[in-house]
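Numbering (our numbering), first residue to last: 20 to 355.
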């Protein structure tokens with residue numbers, strides 16, 4: 020281990036000791052120490068609220084955020100944080116469904132999309148909120164709200180985007196590596212025992228047959244039609260108008276407005292102001308959810324495992340050699 024890594028390790032140890040000590044002292048003096056400690060060590064997230072703009076507690080606006088790839092990769096803990104926590108976000112939507120004080124929702128979306136199933140789960144919950152609570156949902160798109168990011172935005176009553184927002188990318192994709200020719204060159208042979216001729220299809224160890232491509236194309240087409248239907252219903256557009264831009268193309272904010280996918284150009288402040296004015300919610304409290312792990316992981320500022328584990332290059336090589344992730348259908352723009 021070189022001097023640079025020794026110094027980094029020492030700094031991490033000092034930060035860890037200081038962070039634990041500081042949090043322990045604060046916790047002991049402000050709450051029931053042992054019950055909070057048990058909560059901190061738990062892997063379950065607890066929904067907390069932060070008031071952004073004070074107002075009438077009986078009429079509140081919930082500000083939600085989907086930031087990052089929409090995939091269920093696990094939840095944040097006291098030691099690690101994930102960019103997007105799918106289960107925690109679903110919990111927020113479920114909480115809104117039964118919170119009578121929430122009269123409207125503003126959803127910030129900054130995502131290239133993600134899994135077909137995860138995107139559908141969010142979409143279904145948003146539609147349920149609209150139908151059962153009869154409250155407005157406005158969407159504010161960030162730098163990107165593409166593919167699955169647009170899928171979850173479609174049910175909104177009004178969608179705002181920046182001129183520079185990248186959106187669209189309506190469609191479905193499934194990708195995999197085929198390394199059979201490389202394996203042959205280096206003398207690697209795959210020995211496969213399978214129950215059916217298609218059991219190893221799209222597994223990367225042999226070329227995909229035309230029959231298998233047709234099978235997967237049928238699945239892709241089915242999911243694509245679902246995507247188109249979601250936009251038809253959410254935006255009140257005809258199938259023909261949706262399919263004019265539903266070929267996977269990326270659109271800028273202004274293009275999206277012309278295509279009918281976005282309503283207005285503006286940022287988050289414009290979105291909130293418009294919602295307040297449109298539904299007489301000028302005095303409503305604006306709040307957002309947080310998790311009980313947010314401050315702790317932010318204070319640490321890094322994953323401790325990065326100092327004790329292998330180097331970045333070693334981790335990447337290990338991942339490539341040991342990855343067994345199966346291909347999956349994605350509402351996704353870019354690589355995944």
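Ideal Cβ positions, reconstructed from N, Cα and C, are used throughout, including at glycine. Keep in mind it's a predicted model, so treat the numbers as computed, not measured.
Exposed or buried, which one is residue 167 when buried takes at least 16 other CB atoms within 10 Å?
The sequence position of residue 167 within the chain shown is 148, counting from 1. Buried is the call here.
Does DSSP put residue 321 in a helix, a strand or coil?
Within the chain shown, numbered from 1, the residue matching residue 321 stands at position 302. In this predicted model, residue 321 has a pLDDT of only 45, less than 50, meaning its place in the structure is not dependable; the value taken from the coordinates is given anyway. Of the three classes helix, strand and coil, the one that applies to residue 321 here is coil, per DSSP.
Since residue 158 and residue 138 should fall inside the 8 Å C-beta cutoff, what is the C-beta to C-beta distance between them, to a whole number of angstroms?
Against the chain shown, residue 158 aligns to sequence position 139. Against the chain shown, residue 138 aligns to sequence position 119. Not a contact, Cβ separation roughly 14 Å.
For the beta strand (DSSP E) containing residue 235, list its first residue and its last residue.
As a working mapping, residue 235 is identified with position 216 in the chain shown. Not the beta strand (DSSP E): residue 235 falls in the alpha helix (DSSP H), residues 229 to 254.
Applying the criterion that 16 or more other CB atoms from any shown protein chain within 10 Å of the CB defines a buried residue, is residue 205 buried or exposed?
Taking the chain shown and counting its residues from 1, the one referred to as residue 205 is at position 186. When all chains shown are included, residue 205 counts as exposed.
Among the residues of its own chain, which have a CB less than 8 Å from the CB of residue 303, if the five just before and after it don't count?
Position 284 of the chain shown holds residue 303. Closer than 8 Å at the Cβ level, and outside the excluded window around residue 303, lie 74, 75, 78, 79, 80, 122, 123 and 295.
Please return the same chain residues whose Cβ sits closer than 7 Å to the Cβ of residue 348, not counting the five positions on each side in sequence.
On the chain shown, position 329 is the one that residue 348 refers to. Excluding positions up to five away in sequence, the list reads 135, 191, 193, 238, 239 and 242.
Going by beta-carbon coordinates alone, are residue 94 and residue 106 separated by less than 8 Å?
Taking the first residue of the chain shown as 1, we reach residue 94 at position 75. Taking the first residue of the chain shown as 1, we reach residue 106 at position 87. Closer than 8 Å, so yes.
Considering only C-alpha positions, which residue in the set 156, 209, 300 and 309 is nearest to residue 174?
Counted from its first residue, the chain shown places residue 174 at position 155. Answer by Cα proximity: 156.
6 Å CB neighbourhood of residue 169 in its chain, flanking five on each side removed:
Along the chain shown, read from residue 1 onward, the residue named residue 169 stands at position 150. Around residue 169: 186.
Start and end of the alpha helix (DSSP H) containing residue 170?
Numbered from 1 along the chain shown, position 151 holds the residue referred to as residue 170. Here the alpha helix (DSSP H) through residue 170 covers 167 to 170.
Pick helix, strand or coil for residue 297, following the three-state DSSP scheme.
Position 278 of the chain shown, counting from 1, holds the residue named residue 297. In the structure shown, residue 297 sits in a helix (DSSP, three-state: H, G or I).
Judging by CA-CA distance, which residue of 211, 307 and 351 is the nearest neighbour of residue 83?
Here residue 83 is taken as the residue at index 64 of the chain shown, counted from 1. Of the candidates 211, 307 and 351, the one whose C-alpha sits nearest the C-alpha of residue 83 is 307.
By Cβ distance below 8 Å, which residues in the same chain neighbour residue 162 in space, the five residues on each side in sequence not counted?
Position 143 of the chain shown, counted from the start, is the residue given in the question as residue 162. Cβ neighbours of residue 162 beyond the five flanking positions: 129, 181, 183, 184 and 185.
Would you mind working out which of 346, 249, 288 and 147 sits nearest residue 72, comparing C-alpha positions?
Here residue 72 refers to the residue found at position 53 when the chain shown is read from its first residue. Nearest option by C-alpha distance: 288.
How close, in whole Å, do the beta carbons of residue 87 and residue 68 come, if the pair is a contact with beta carbons under 8 Å?
Mapped onto the chain shown, residue 87 falls at position 68. Mapped onto the chain shown, residue 68 falls at position 49. Not a contact, Cβ separation roughly 22 Å.
Is it buried or exposed for residue 140, if we count other Cβ within 10 angstroms and need 16 for buried?
As a working note, residue 140 is residue 121 in the chain shown. Its Cβ being crowded by 16 or more others within 10 Å, residue 140 is buried.
Over the uninterrupted alpha helix (DSSP H) stretch that includes residue 135, give me the two end residues.
Taking the chain shown and counting its residues from 1, the one referred to as residue 135 is at position 116. It spans 135 to 152 - the alpha helix (DSSP H) in which residue 135 sits, taken as one unbroken run.
Thinking residue 209 and residue 228 are a contact (beta carbons under 8 Å), I'd like their distance in whole angstroms, please.
Taking the first residue of the chain shown as 1, we reach residue 209 at position 190. Taking the first residue of the chain shown as 1, we reach residue 228 at position 209. Actually they do not touch by this definition, with Cβ atoms about 16 Å apart.
Selected residue, minimal CA-CA separation from residue 265, among 248, 201 and 272
In the chain shown, counting from the first residue as 1, residue 265 sits at position 246. Nearest of 248, 201 and 272 to residue 265, Cα basis: 248.
Would you grab the beta carbon distance between residue 297 and residue 178 for me? Rounded to a whole angstrom, and I think it's under 8 Å.
Counted from its first residue, the chain shown places residue 297 at position 278. Counted from its first residue, the chain shown places residue 178 at position 159. Actually they are not in contact, since the Cβ atoms of residue 297 and residue 178 sit about 13 Å apart, beyond 8 Å.
Per DSSP, what kind of secondary structure is residue 175 in: helix, strand or coil?
Taking the chain shown and counting its residues from 1, one reaches residue 175 at position 156. DSSP places residue 175 in coil when its eight states are reduced to three.
Residues in its own chain within less than 6 Å of residue 116 by CB, not counting five upstream and five downstream?
Within the chain shown, residue 116 is the residue found at index 97, counting from 1. Cβ neighbours of residue 116 beyond the five flanking positions: 148.
Alpha carbons only, please: which of 90, 232 and 196 is nearest the one belonging to residue 104?
The count along the chain shown starts at 1 and reaches residue 104 at position 85. Residue 104 has its Cα closest to that of 90, out of 90, 232 and 196.
According to DSSP, residue 162 sits in a beta bridge with which residue or residues?
Reading the chain shown from its first residue, position 143 is the one you call residue 162. In the DSSP output, where bridge partners are listed per residue, residue 162 has none listed.
Chain-order list of residues whose beta-carbon lies under 7 Å from that of residue 66 (same chain, five-residue window excluded):
In the chain shown, the residue the question calls residue 66 occupies position 47. Within the same chain, residue 66 has close Cβ partners 110, 111, 114 and 308.
Starting from residue 110, follow the alpha helix (DSSP H) in both directions and report where the run begins and ends.
Sequence index remark: in the chain shown, residue 110 carries index 91 (1-based). That run of the alpha helix (DSSP H) goes 105 to 116.
Is the beta carbon of residue 195 sitting closer than 8 Å to the one on residue 226?
Counting from one through the chain shown, the residue named residue 195 turns up at place 176. Counting from one through the chain shown, the residue named residue 226 turns up at place 207. It is not a contact, given that the beta carbons lie outside the stated cut-off.
With a threshold of 7 Å, establish whether the CB of residue 250 neighbours any heavy atom of the ligand SAH.
The ligand SAH is not part of the structure shown, which contains no ligands of any sort.
Under a Cβ-count criterion, where at least 16 other Cβ atoms within 10 Å of its own Cβ denotes burial, should residue 250 be classed as buried or exposed?
Sequence index remark: in the chain shown, residue 250 carries index 231 (1-based). Answer is buried; the Cβ neighbour count reaches 16.
Beta-carbon separation of residue 269 and residue 165 under 8 Å?
For the purposes of this step, residue 269 is taken as the residue at position 250 of the chain shown. For the purposes of this step, residue 165 is taken as the residue at position 146 of the chain shown. Cβ atoms of residue 269 and residue 165: closer than 8 Å.
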